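Asks: Would you mind keeping the following structure in view while I ask a few things?
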Amino acid sequence: MRRSLVTVAAGAVLVLGGASAAAGVGSPSAGSVSHVGRGDDYEIALIGDMPYGDSGRTRFPRVINEINADRSISFTVFDGDIKNGSERCDQGQYDLAAKNFGSFQRPVIYVPGDNEWTDCDRASNGSYNPSERLALVRRMFASTPYSLGQRKLRLTRQSADFPENVRWQYGAVTYLGLNITGSDNNAPQFDSSGKQTDGDLAEYTARNAANLDWLDRGFAAAEAAESKAIVIDIQADMWAASDPTAHFADTKRELAQLTIGFPGQVLLVNGDSHFLQIDKPLKDAKDATIENFTRVQTFGSDQNHWVSAQIDPSDPQVFTFHQHIVKANEPAYVSP
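In terms of mature numbering (1 follows the signal peptide of the UniProt record, and there is no 0), the sequence shown is residues -21 to -1, 1 to 315.
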């Protein structure tokens, strides 16, 4: 069921009802996709942070079923976290994620979240080595030049070292996926005595440099393609109020510089904070809102629903958003 958003943050894109026409997608065996025309509109699904725990494993298939049933959806973007932060990082979690992604009838593009690698060193997670878990994620979900899902999109992967960073072109929009995770991007964290309590400096430094390079190359590719818009998919909420965010500063600075110089619209999709939010949090050097930048934060955790973005290249704002509340996943409300 499609419902209009009742309230959104100031400056967000207006939300309307209605659906767009379905867009064609190629089959895995073809090794290619049939792109929509540059002037055609289409719709994509945005999800992440699912399933969380036993209740999530019951509810998430309903989300997938709704997306599969909505023929206006061309593909799905999943912005990380295939389990909750207290569950073990055992092989079964990744096998379940592969099964879930495989149940999408149309393409699904996945970027890693902190729960499936950076946080796996927690005792409750099984005290795994985060770099080893990230290597597993790369082997299972980023080892081919294609998306996940029963039908596939061809992707450009950044490199053998960072295959989870991807780019693809669909119609008049350039898409980027980057491994930018919560928990302050896996940067070192220290307690009051100066003892390191979390993070990995070498891993963070190398991946952060790769992410900044991939952002630059993505914007260059979009300008070369004369794209009307760019969509960037990451896991981290870089504006989270309750978590450390210092090691997202250079990413936000780079995003601001690139967005100011880009003639079209820029959409950032992230998960991590588990509630739907549409806003314009990116600022310039004088703290002015950068108006051609919009952020969509997706549902997650116990909110097992989804949001979609309708892309219309003929609209100067390009994006219109719809929330989809899965009726069977609503709780039994208690009146205050």
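Note that beta-carbon positions come from the ideal geometry of N, C-alpha and C, so glycine has one too.
Here the structure is a predicted model, which means the values were calculated and not measured.
1. Taking the CB atoms as reference points, tell me whether serine 252 and leucine 25 lie closer together than 8 Å.
2. Report the partner residues of glycine 156 according to the DSSP bridge assignment.
3. Assuming glutamate 22 is part of the alpha helix (DSSP H), what are its boundary residues?
4. Within this structure, are the beta carbons of phenylalanine 141 and alanine 189 separated by less than 8 Å?
5. State the CB to CB distance for the pair valine 245 and aspartate 58, rounded to an integer number of angstroms; the pair is presumed to be in contact (CB under 8 Å).
6. Along the chain, which unbroken stretches of the alpha helix (DSSP H) at least 4 residues long are found entirely within the stretch 59 to 88?
7. What is the residue span of the beta strand (DSSP E) that phenylalanine 298 lies within?
8. Would you say asparagine 94 and arginine 67 are within 8 Å of each other, going by their C-beta atoms?
9. Are three or more beta carbon pairs between the stretch 40 to 54 and the stretch 288 to 306 nearer than 8 Å?
10. Within 10 angstroms of its Cβ, does asparagine 164 collect 16 or more other Cβ (buried), or is it exposed?
11. The alpha helix (DSSP H) that contains tryptophan 285, what's its start and end?
12. When the Cα atoms are used, what is the spatial distance from phenylalanine 241 to lysine 231?
13. Quick one: give me the first and last residue of the beta strand (DSSP E) that isoleucine 46 is part of.
14. Out of Pro292, Arg101, Ile213, state which residue places its alpha-carbon closest to the alpha-carbon of valine 56.
15. For the alpha helix (DSSP H) that contains valine 248, what are its first and last residues?
16. Report yes or no: do the stretch 77 to 88 and the stretch 97 to 111 share at least 3 C-beta pairs separated by less than 8 Å?
17. By Cβ distance, which residues of its chain are closer than 6 Å to residue 345, with the 5 residues on each side in sequence left out?
18. In the DSSP assignment, find the alpha helix (DSSP H) that holds serine 239 and state where it starts and stops.
19. For the beta strand (DSSP E) that contains serine 110, what are its first and last residues?
20. Could you please give me the residues that DSSP links to aspartate 140 through a beta bridge?
21. Tell me whether the beta-carbon of glutamate 22 lies closer than 8 Å to the beta-carbon of serine 53.
22. Enumerate in chain order the residues of its own chain whose CB-to-CB distance from isoleucine 239 is below 7 Å, with the five nearest sequence positions on each side excluded.
23. Is it a yes or a no for the stretch 114 to 125 touching the stretch 174 to 193, going by three-plus beta-carbon pairs under 8 Å?
24. In whole angstroms, what separates the C-alpha of glycine 32 from that of serine 162?
25. Can you tell me which of the three DSSP states leucine 194 falls into?
26. How is arginine 17 classed by DSSP in three states: helix, strand or coil?
27. Since threonine 273 and isoleucine 257 are thought to touch, with beta carbons under 8 Å apart, how far apart are those beta carbons, to the nearest angstrom?
28. Count the other CB atoms, across all protein chains shown, that sit within 10 Å of the CB of proline 30; report buried if there are 16 or more and exposed otherwise.
29. Using only the alpha-carbon positions, how far apart do arginine 117 and alanine 201 sit?
30. Count the other CB atoms, across all protein chains shown, that sit within 10 Å of the CB of aspartate 74; report buried if there are 16 or more and exposed otherwise.
31. If you draw a straight line from the alpha carbon of arginine 112 to that of proline 223, how long is it in whole angstroms?
32. Look up lysine 262 in the DSSP assignment and say whether it is helix, strand or coil.
Replies: Checking against the coordinates, here is how it stands:
1. Taking the sequence shown and counting its residues from 1, one reaches residue 252 at position 273. Taking the sequence shown and counting its residues from 1, one reaches residue 25 at position 46. No, Cβ-Cβ distance for serine 252 and leucine 25 is not below 8 Å.
2. As a first step, residue 156 must be located in the sequence shown, where it is residue number 177. Its beta-bridge partners are Val145, Asp212.
3. The residue you call residue 22 lines up with position 43 of the sequence shown. No alpha helix (DSSP H) holds glutamate 22; the beta strand (DSSP E) holding it covers 21 to 26.
4. Indexing the sequence shown from 1 puts residue 141 at position 162. Indexing the sequence shown from 1 puts residue 189 at position 210. Yes, the Cβ-Cβ distance between phenylalanine 141 and alanine 189 is below 8 Å.
5. In the sequence shown, the residue the question calls residue 245 occupies position 266. In the sequence shown, the residue the question calls residue 58 occupies position 79. The Cβ separation is near 16 Å, so there is no contact.
6. 70 to 81
7. By one-based count along the sequence shown, residue 298 stands at place 319. 298 to 303 is the extent of the beta strand (DSSP E) around phenylalanine 298.
8. Counting from one through the sequence shown, the residue named residue 94 turns up at place 115. Counting from one through the sequence shown, the residue named residue 67 turns up at place 88. Cβ distance not < 8 Å, so asparagine 94 and arginine 67 don't count as in contact.
9. yes
10. If you number the sequence shown from 1, residue 164 lands on position 185. Asparagine 164 comes out buried.
11. Within the sequence shown, numbered from 1, the residue matching residue 285 stands at position 306. Unbroken run through tryptophan 285 is the beta strand (DSSP E), 285 to 290; no alpha helix (DSSP H).
12. Along the sequence shown, one-based indexing puts residue 241 at 262. Along the sequence shown, one-based indexing puts residue 231 at 252. About 15 Å.
13. Residue mapping note: residue 46 aligns to position 67 of the sequence shown, counting from 1. Taken as a continuous stretch (DSSP letters only), isoleucine 46 belongs to no beta strand (DSSP E), being part of the alpha helix (DSSP H) at 32 to 48.
14. Walking along the sequence shown from the start, residue 56 turns up at place 77. Of Pro292, Arg101, Ile213, the residue nearest in Cα terms is Ile213.
15. Here residue 248 refers to the residue found at position 269 of the sequence shown. Note, valine 248: premise wrong, no alpha helix (DSSP H); beta strand (DSSP E) at 244 to 249.
16. no
17. Residue 345 is absent from the model: the chain starts at -21 and stops at 315.
18. Sequence index remark: in the sequence shown, residue 239 carries index 260 (1-based). Checking the sequence, you will find isoleucine at residue 239 rather than serine. Unbroken alpha helix (DSSP H) run through isoleucine 239: 228 to 239.
19. Walking along the sequence shown from the start, residue 110 turns up at place 131. Premise fails: serine 110 lies in the alpha helix (DSSP H), 109 to 120, not in any beta strand (DSSP E).
20. For the purposes of this step, residue 140 is taken as the residue at position 161 of the sequence shown. BP columns for aspartate 140 are empty, so no partner.
21. Numbered from its first residue, the sequence shown carries residue 22 at position 43. Numbered from its first residue, the sequence shown carries residue 53 at position 74. Yes, they are a contact pair.
22. On the sequence shown, residue 239 is found 260 positions in, with the first residue counted as 1. Correct list, in chain order: Asp263, Ile269.
23. no
24. Sequence index remark: in the sequence shown, residue 32 carries index 53 (1-based). Sequence index remark: in the sequence shown, residue 162 carries index 183 (1-based). The straight-line gap from Cα to Cα measures roughly 20 Å.
25. Looking up residue 194 in the sequence shown gives position 215. Note: leucine 194 maps to helix in three-state DSSP.
26. Numbered from its first residue, the sequence shown carries residue 17 at position 38. DSSP places arginine 17 in coil when its eight states are reduced to three.
27. Working through the sequence shown from its first residue, we reach residue 273 at position 294. Working through the sequence shown from its first residue, we reach residue 257 at position 278. Indeed, because the Cβ distance is near 7 Å, the residues count as touching under 8 Å.
28. What you label residue 30 is simply residue 51 of the sequence shown in a count that begins at 1. Label assigned to proline 30: buried.
29. The residue labelled residue 117 in the question sits at position 138 within the sequence shown. The residue labelled residue 201 in the question sits at position 222 within the sequence shown. For arginine 117 and alanine 201, the distance between alpha carbons rounds to 25 Å.
30. For the purposes of this step, residue 74 is taken as residue 95 along the sequence shown, with counting starting at 1. Exposed, because fewer than 16 other Cβ atoms sit within 10 Å of the Cβ of aspartate 74.
31. Taking the sequence shown and counting its residues from 1, the one referred to as residue 112 is at position 133. Taking the sequence shown and counting its residues from 1, the one referred to as residue 223 is at position 244. So the two alpha carbons sit approximately 23 Å from each other.
32. One-based indexing of the sequence shown puts residue 262 at position 283. It is a strand residue.
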